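A short write-up of the structure that comes next.
This is the structure in structure tokens:
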């Protein structure tokens, strides 16, 4: 039985039959390998270009950072405000102030303290202090010191800085007991004791201050 010619459908089939499409044969093996090698070479080239570009960027950034680091930093804006003038520091030196001339004469005239209760005194200063020719001061008072109903000396009140008795080393409230071992039981006895010893070149006055026994020694000179 003969087959129908190509392109002609069988009489009983409603569809038309087309001839099969031609199929290209696969490329030869050598051609496929060359395509793979070309693709690999292209990828290697692209990778090399990418690496070169990255290295160039890193070098540029490093150079820029070095330049920025070496460049001097910008100075911040600082407003210049004039400072107020400061006054010089006060001096800590202590100024020596001398007492008034009148007080200095009353304290030092005719009396020189050598220390430890020893004095060099002019006879005029002793006379003025003990004989009461205005030398004791207007506020100085001498009262008898009574103990167990017996007068043992004289207590001196009203001695102030600058008074003759203060210059001789006495203080307010001192109790004078003896002058050159002669007891002083009253103001009159005090003057009497000095009258007996007015030719002496040295006086030793024994007294009490706040209950403690003390003594002063006076070397008497004509002038001082």
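In the working numbering, the protein residues as written are 509 to 732.
Where a beta carbon is used, it is the ideal one built from N, C-alpha and C, also for glycine.
For clarity, every value in this text was computed on a predicted model and none was experimentally measured.
Residues near residue i by beta carbon distance below 6 Å, same chain, minus five either side
i	result
residue 621	627
residue 706	none
residue 709	728
residue 713	687 and 724
Cβ pair residue i, residue j closer than 8 Å
i	j	result
residue 683	residue 661	yes
residue 664	residue 673	yes
residue 715	residue 722	yes
residue 631	residue 728	yes
residue 648	residue 634	no
residue 629	residue 618	yes
Minimum C-alpha distance to residue i - residue among the options
i	options	result
residue 685	673, 652, 708 and 633	652
residue 724	700, 689, 732 and 694	689
residue 711	717, 718, 702 and 719	702
residue 680	717, 528 and 618	717
Neighbourhood of residue i by C-beta, 8 Å cutoff - its chain only, sequence neighbours within 5 removed
i	result
residue 698	638, 650, 662, 684, 687 and 692
residue 614	In this prediction, residue 614 scores a pLDDT of 40, lower than 50, which makes its location untrustworthy; the coordinate-derived value is nonetheless stated afterwards. So the list reads 670, 671, 672 and 675, once near-sequence residues are dropped.
residue 625	677, 722, 723, 724 and 725
residue 694	652, 659 and 662
residue 730	630 and 631
Test: residue i CB closer than 8 Å to a CB of chain D
i	result
residue 668	No chain D is part of this structure, which consists of one protein chain only.
DSSP bridge partner residues for residue i (one or two, in chain order)
i	result
residue 721	716
residue 649	665
residue 620	628
residue 633	Answer is none; residue 633 lacks a bridge partner.
residue 727	628 and 710
Same chain only: Cβ atoms within 7 Å of residue i, ignoring 5 sequence neighbours per side
i	result
residue 600	Caution applies to residue 600, whose pLDDT of 44 falls short of 50 and renders its modelled position unreliable; the value that the coordinates give is listed next. Excluding residues within five positions, none has a Cβ falling inside 7 Å.
request  = Let me know the beta strand (DSSP E) ranges lying completely inside the segment 651–716, each 3 residues or longer, listed in chain order.
outcome  = 658–665 and 683–687
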